[in-house]
Amino acid sequence: MVELNWMVEYVTFAVMLGLSTAVGLYYGCVDGKQNTVSEYFLGGKRMSVFPITMSLIASHISGITLLGIPSEVYSYGTQLLILGLPNAIALVAIIYVYLPVFYELQLTSVYEYLEYRFDANIRGLSSLIFAISLILYIPVVIYIPALAFNQITGLDIHLVTIIMCAICIVYTTVGGLKAVVWTDAIQSVITAISVVIVTVLGLIEVGGIGNTIRDNQENGRLEFFKMDPDPFLRNTFWTINVGTIFGTITMFGIHPGTVQRFVSLPTHDKARKSLIYFLIGASSVMTVTGIIGMIIYSMYKDCDPVKANYVKSDGNILPYYIMDVAAKYPGLTGLFISGIVNAALSTMSAQLNTVSGTIYEDFVVKMTTVRVSDSTASIIMKSTVVIIGCICVGLVFIVEKLKGILQMAISLGGVTNGAIMSVFTLGICFPRANTRGAMCGMLASLGIMTWIVAAAQNAIINNELKFVQKDISVVGCPANTTFKNQTDYSGLYRMNEDVYVSPDVWKIYTVSYMHYNTLGSLIGITIGLVVSYLFPTDRKIDSKLLAPCIRKFVYSERSEQKKFNRKASMTDGNPVVQDSKL
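For the sequence shown, the positions run 2 to 583 when the numbering used here is used.
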């Protein structure tokens, strides 16, 4: 019977992955239209709101979300779940500031904007930073679900990684954006079903949502308004809200993969609707996964699986919970693990598709003078997917050494996101910002955040920086349980209620990981503006390169029309845009 149950799990898992591969092969072989840049990168601009919305949700709700948020809530409480307010603020900013500019320009690569607004060097550096950030991020996306699969099946984690990546690379390479979008849509449905099922089963197990809330409240885990403004506290109302606003704008307002999907829609109104539905859907998924974290605590409040040595770390807590509540339902564990793996595949495929197009447009096209056919361009982008995918598989070995699922992912993004956010914001919102200022701001942000994040991660790896988790209990564990040793804080001092740190670690390294995006963005914008005002230029900026709300303050309607029709002039060493897209 046990062998039969596991056979059902494996069959369920195989069927779910087979669907993704089949869709990619269909769009690459049967549909047969993925041989031009427009088809491969933008789906021929014939995409509709539903698959784009579902694709966006799937590509941004990765295994990091499904495993990381429950783990975070279980270990540190519910403060992370205040998402409604910051997402609403970010949504308004994206709709009225960033999206109108990119949709109106209809750019294949979002980094083309930076060449028009500043120069080719800014575009090239930004594109390079973005490519590096994705190459660092994708291995995390791969590793997390592979770890969960390893825990449940016992298969070697590196073998699982290779299988996952091979499947993803095949359908992304063959099928282009259409395959990515439709597989994402299918995967998001699978993921949603599995999340709802394990939530319902967990609630049944603990006696309902009322018991879940009571258990978390009685043990000090239910907190949403920790109002201390100290930026060195790990999670507070302010770190979560401010950090989420900057992070959401970076990921959904200027991220090439997101903008690519908005531009693939036939009208601006549909792009705006897709953004709204997407943020509502993503926030809902994150809230539900947070509730799962609360349910897990309610189930194990008297016997912590980590302290009881049932799992290696809190990152493994969700797979342990799945095996616990779904064991008597054959196929359900396979469904949920396939949901986690599918979430990872959807994120990886979206990022691979994006980075291949970005590298082609911003490096291959710019650095070669030979014009190639659309079919050759498609081959180049597909080859790029394969190469980047293989590099990411190799980087998984490094990711294994890092700690904390959600914090690790946000920290790696914090190295580059602030620099990218600052240069686009300077261009779209500040008419006086110039090339020199943008370059200085971006380099300063990148350098400072690399220093802070690398030093913080090094301190965590060397046990010189530790975070205080919520209290747990083992009073209900079996008498013969062998417990793990208590966390050793020797040689460290308690800097605040959340952090223990070595005296040798500089305080700046302990700033909340949620502030990385904020800090990097503010550094880049501030230095960019200071340098721009110290070394001003008289370069004329086409109004279409500025946010609509900024245009009203800078140009009258009459002068705006004149500037739109004006020929390119050379000032500050850069041509004002003379492109059909503008």
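In this text, a Cβ means the ideal position worked out from N, Cα and C, and glycines have one as well.
For residue 319, the enclosing alpha helix (DSSP H) begins and ends at 318 to 327. Per DSSP, reduced to three states, the secondary structure at residue 502 is strand.
Rounded to the nearest angstrom, the gap between the Cα atoms of residue 91 and residue 124 is 24 Å. Counting C-beta pairs closer than 8 Å gives fewer than three between the stretch 513 to 527 and the stretch 466 to 485, which falls short of the contact rule. In the structure shown, residue 313 adopts coil according to DSSP, grouped into three states. Scanning 161, 130 and 467 for the CA closest to the CA of residue 145 turns up 161. Distance check between residue 503 and each of 343, 412 and 493 places 493 closest, using alpha-carbon atoms only. Residue 424 sits close to residue 442, with the two beta carbons spaced by under 8 Å.
For the pair residue 440 and residue 415, the CB atoms are not nearer than the 8 Å cut-off. Beta-bridge partners assigned by DSSP to residue 494: 502. The continuous stretches of beta strand (DSSP E) do not include residue 545, and DSSP gives it neither H nor E. According to the DSSP assignment, residue 466 belongs to the beta strand (DSSP E) that extends over 466 to 468.
In terms of Cβ geometry, residue 222 and residue 78 form a close pair [threshold 8 Å]. Taking a contact to require three or more Cβ pairs closer than 8 Å, the stretch 307 to 319 and the stretch 72 to 87 qualify as touching. In this structure the stretch 290 to 298 touches the stretch 197 to 206; the number of beta carbon pairs closer than 8 Å is three or more. In this structure residue 485 does not touch residue 302 by the C-beta definition: roughly 17 Å separates them, more than the 8 Å allowed.
Secondary structure at residue 308: coil, using DSSP grouped into helix, strand and coil. Non-local C-beta neighbours of residue 341 in its own chain, meaning closer than 6 Å and more than five positions away in sequence, comprise 64, 67, 146 and 149, ordered along the chain.
In the three-state reduction of the DSSP assignment, residue 510 falls in the helix class. CA-to-CA, the gap between residue 259 and residue 216 works out to about 39 Å. In its chain, beyond the 5 residues on either side, 423, 427, 434, 438, 439, 441 and 442 have a beta carbon closer than 7 Å to the beta carbon of residue 529. Residue 537 sits exposed, since fewer than 16 C-beta atoms from the chains shown fall within 10 Å of its C-beta.
Around residue 111, the same chain offers 103, 255, 257 and 260 as residues with beta carbons nearer than 7 Å, after the five sequence neighbours per side are excluded. Restricting attention to alpha helix (DSSP H) runs no shorter than 4 residues, the stretch 77 to 137 encloses them at 85 to 94, 100 to 106 and 113 to 118, ordered along the chain. With a cutoff of 8 Å on beta-carbon distance, residue 334 and residue 87 are scored as not near each other. In the structure shown, residue 330 adopts coil according to DSSP, grouped into three states. Shortest Cα-Cα distance from residue 207 to any of 156, 325, 365 and 454 involves 325. Boundaries of the alpha helix (DSSP H) harbouring residue 263: 257 to 264, taken from the DSSP string. With a contact defined as Cβ atoms closer than 8 Å, residue 321 and residue 306 qualify at about 5 Å.
For residue 465, the CB contacts under 6 Å within the same chain, skipping 5 residues up- and downstream, are 503 and 506 in chain order. The beta carbon of residue 105 is closer than 8 Å to those of 269 and 545 in its chain, skipping five residues each way along the sequence. For residue 534, the CB contacts under 7 Å within the same chain, skipping 5 residues up- and downstream, are 433 in chain order.
Cα atoms of residue 532 and residue 421: separation of roughly 17 Å, rounded to the nearest angstrom.
Selection 543, 495, 389 and 483 evaluated against residue 137 yields 389 as nearest (Cα-Cα). Distance from the CA of residue 376 to the CA of residue 346, rounded to the nearest whole angstrom, comes to 26 Å.
Here residue 276 really is in contact with residue 95; their C-beta atoms are around 6 Å apart, less than 8 Å.
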